[in-house]
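Below is one structure, written out as C-alpha cells; comments come after it.
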Amino acid sequence: MSDTASRTHESAGPRHTGDGTVVKPGDPRYADLISGTNQRFIGSPERIRLITSTADAVHAVQEAVREGKRIAVRSGGHCVEDFVCNPDVEVVLDMTRMSRIEFDHARQAFAVESGALLFNVYEQLYRRWGVVIPGGICYSVAVGGHVCGGGYGMLSRTLGLTVDHLEAVEVVCVDAQGKAYSVVASRDPDDPNHDLWWAHTGGGGGNFGLVTRYWFRTPGRTGTDPSQLLVAPPAKVLFGQTAIPWDRLSEADFRRLLLNYGAWSEQNSAPGSPGAEVSSVLVLNHRAGGPVALVSQIDAERPGARDRLRGFLTALVEGTSVQGDPTVTEAVQELTWLQANRHLVTIIGNQPIPSVRGATKSAYLRTNYSTDQAATMYRHLNRPDVHSPGAIVMLMPFGGQINAVSPDATASAQRDSVIKMRIENWWVNPADDASNIGWTREIFQDLFADTGGVPVPDSATDGCYINYADADMTDPEFNRSGVPWPALYYKDNYPRLRRVKGRWDPRNVFRHRMSVEPPAAAFR
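This is the structure we're talking about:
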C-alpha cells in the first residue's frame with residue numbers, strides 16, 4: 001500500500017469479498033470458539049465471524065455496529081482476562097484465518113496479518129529472509145494482541161521490543177457517524193494518522209479498532225533487499241539450562257539466589273553494556289510443581305560469549321550452598337538460533353492441557369528485591385496449603401536495547417526497568433478456582449505491601465505490563481495504592497492514549513473492562 005493511501009481516511013468501505021464464515025450456537029464448532037486459553041472465561045456470543053480479509057473485517061464491523069451489537073476481537077485467544085470471552089459480547093470477530101506473512105515491496109516492509117502465530121512468524125521470517133521480530137516465547141500467541149501491547153522476548157535485550165520495529169498498522173475503525181472503514185497508520189511523524197500507529201505500540205488490544213495487519217521494518221534501514229530491512233537473530237546461540245531441586249535450597253540459599261539475580265540484572269541492563277547480551281528466564285516453580293529452573297542464552301559469536309554466560313551462571317549461585325552441588329543440573333550447548341527458539345517454546349511457552357484455567361499478574365522492577373520481598377517469595381513458593389503445579393513466578397531481565405528508547409516514543413512507557421516479573425497459576429478443576437486465584441493475589445499483595453499491594457511507578461517499581469492485564473488492578477480491594485490502574489500500565493502516556501481513543505473510536509465500539517477511556521462521554 002502506498003504512503004499516500006496510508007494518509008487518507010480509507011475506504012468508506014472496501015467491497016466485501018470474504019466468504020462470510022459465521023459460526024452460531026448449534027454449530028459443532030461453536031464450543032471451540034467461545035473460549036480462549038484461559039478456560040475460566042467462557043463466552044456466549046450470538047455469532048463468531050471468521051474474518052478473511054480487510055474488506056471482510058470492515059463488512060463484519062459495519063454489520064455489528066448497524067445492529068447495535070457488542071463486539072470483541074480475537075487473534076490467538078491468549079487474553080488472560082475476560083475481554084473477549086464475556087457474556088456481554090454478542091459478536092466475536094476471529095482473526096485466525098488472516099495469517100499471511102509476506103514482504104510488501106511497496107512499503108519495503110514485512111506484512112504480517114494479525115492472526116499469524118508467533119512461532120510461524122519466527123519460522124517464516126527466518127527461513128525466507130533471515131530476519132526476525134523480537135517477540136514473545138509462547139508459540140501459540142498471535143501477533144494481533146501481542147504487538148499492540150508492546151511485545152517482549154528473549155531477543156529484546158539486544159534488539160528492543162517488538163514495537164520498536166513496527167513500521168505501520170492497518171486498523172478497521174468506526175467514525176462518529178457509525179461508519180466502519182480501514183486505515184493505515186505509519187511510523188512517519190508526518191503521517192496524519194501517526195497517532196493511531198503510536199497507540200498500537202503499547203496501548204493494548206481491543207481499544208481503538210480491529211487490527212488486520214502489521215508491517216515491520218527496523219528504523220533507519222533502507223534499500224530493496226528484504227534481508228537488510230529488519231534485524232536478524234544470532235546465527236548460533238549458547239543455550240543454558242539449570243535446575244535446582246527445592247530440597248537443595250534452604251531459605252537463606254533461596255534469598256541469596258533471588259537477590260543475586262536482581263543484583264546482576266541491575267548491573268547489566270544499561271543499553272549497549274556487555275551483560276545486556278545475556279537473556280534469561282528464571283522460573284521459580286512452587287515446590288509442588290518442580291525445581292527452580294533457569295534458561296539463558298547469548299549470541300555464540302559475540303567475543304567472550306562463553307565466559308560471559310558462565311559469569312552470569314556463577315553470579316547467580318554465588319554465596320549459596322548449591323554452588324558446586326552435584327545434584328544441581330547445568331548444561332550449556334551451542335545451537336542454531338532456530339533450534340534454540342524451538343526448544344525454548346517447548347519448555348516454557350508450551351501449555352499442553354486444553355482445559356486449563358489461569359490467573360496472572362505482572363510487575364516491572366527498577367531495582368533489586370528487598371530482603372523482605374525475598375523472604376516473602378520463599379514463603380509463598382513453599383506454602384504447604386498450595387498444591388497447584390502451575391503456581392509459578394517468572395523473572396526476566398529487562399533493559400538493554402529496550403531502555404535505549406524514551407518512554408513517550410512509543411506507548412510502551414516502561415523504559416528503565418531491570419526486571420520484568422510475571423506471577424501465574426494454572427490449574428484444571430473449577431473447584432480449585434478460589435484457592436489458586438487466592439495464591440496469586442496473596443503473593444502479589446505481600447510483595448508490594450508497602451505500596452498498597454501493587455507495583456506503583458516509583459524509584460523501585462514501574463507498574464504492570466498490559467499484555468498480562470489484571471482486572472484486580474481496577475479494584476480498590478486489591479489496589480489500595482490510590483494510583484489509578486491506567487497509571488500502572490501506561491503511566492504518563494495515558495492522556496495521549498485517551499485523545500487517540502477519542503479520535504479513532506469516538507463511539508467506544510471497541511471496549512472491555514480495562515479499555516482506554518475516551519476523553520469525553522462515549523456512545524454506549
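UniProt numbering puts the first residue of the sequence shown at 1, with every later residue one more than the last.
For each residue, glycine too, the CB sits at the ideal point set by N, CA and C.
- Note on geometry: alpha-carbon atoms of lysine 501 and tyrosine 181 lie some 16 angstroms from one another.
- Per DSSP, the beta bridge partners of tyrosine 181 are Cys173.
- C-alpha of glycine 153 to C-alpha of proline 134: approximately 6 angstroms in a straight line.
- Exposure of lysine 24 is indicated by the presence of fewer than 16 other C-beta atoms within 10 angstroms of its C-beta.
- Taken in chain order, the unbroken stretches of alpha helix (DSSP H) that lie wholly in the stretch 174-251 and span 4 residues or more are 194-199.
- Cβ contact annotation for arginine 187 (same chain, cutoff 8 angstroms, sequence separation greater than five): Leu166, Glu167, Ala168, His194, Trp197, Pro219, in chain order.
- Beta-bridge annotation (DSSP): valine 393 is paired with Leu284, Ile423.
- In terms of Cα proximity to glycine 319, the closest of Asp372, Arg308, Ala252 is Ala252.
- C-alpha of histidine 512 to C-alpha of aspartate 247: approximately 44 angstroms in a straight line.
- Cβ-Cβ separation between glycine 223 and leucine 229: approximately 7 angstroms, consistent with a contact (criterion under 8 angstroms).
- As the crow flies, the alpha-carbon of leucine 238 is around 13 angstroms from that of leucine 344.
- For a cut-off of 8 angstroms, the C-beta gap from glutamate 90 to glutamate 46 is around 5 angstroms, short enough to register as a contact.
- The alpha-carbon separation between valine 73 and leucine 93 amounts to approximately 5 angstroms.
- For aspartate 416, the secondary structure class from DSSP, reduced to helix, strand or coil, is coil.
- As computed with DSSP, threonine 329 is found in a beta bridge with Ala243.
- Annotation for tyrosine 364: the continuous beta strand (DSSP E) segment containing it runs 357-365.
- Counting only the Cα atoms, glycine 206 lies some 13 angstroms from valine 143.
- Here the alpha carbon of valine 281 sits roughly 31 angstroms from the alpha carbon of alanine 109.
- A contact between stretches requires three or more CB pairs, one per stretch, nearer than 8 angstroms, and the stretch 32-40 meets this requirement with the stretch 352-369.
- About 45 angstroms separates the Cβ atoms of alanine 288 and valine 172, ruling out a contact at the 8 angstroms cut-off.
- In this structure, the straight-line span from the alpha carbon of threonine 54 to that of aspartate 175 is close to 17 angstroms.
- Check the Cα spacing between arginine 213 and each of Ser99, Gln241, Leu125: the tightest is with Ser99.
- As computed with DSSP, glutamine 297 is found in a beta bridge with Phe239, Ser279.
- For the 7 angstroms CB-CB criterion, glycine 275 and valine 332 do not form a contact.
- The C-alpha of valine 292 lies about 18 angstroms from the C-alpha of arginine 310.
- Rounded to the nearest angstrom, the gap between the Cα atoms of proline 384 and leucine 313 is 30 angstroms.
- Beta-bridge partners of valine 92 (DSSP): Ile48, Ala72.
- A straight-line Cα-Cα distance of about 15 angstroms links arginine 97 and alanine 111.
- In the three-state DSSP reduction, leucine 335 falls in the strand class (E or B).
- Distance from the CA atom of leucine 210 to the CA atom of glutamate 102, rounded to whole angstroms, is 20 angstroms.
- The residue among Gln339, Pro226, Ile244, Gly202 with its C-alpha nearest the C-alpha of alanine 235 is Gln339.
- A buried status is given to valine 58, since no fewer than 16 other beta-carbon atoms sit within 10 Å of its beta-carbon.
- A direct Cα-to-Cα measurement between glycine 43 and glutamate 81 gives close to 12 angstroms.
- Here DSSP, grouped into helix, strand and coil, assigns serine 35 to strand.
- Here threonine 410 carries a coil assignment [DSSP, helix/strand/coil].
- Excluding residues up to 5 positions away in sequence, Gly502 lie with their Cβ nearer than 7 angstroms to the Cβ of alanine 520 in the same chain.
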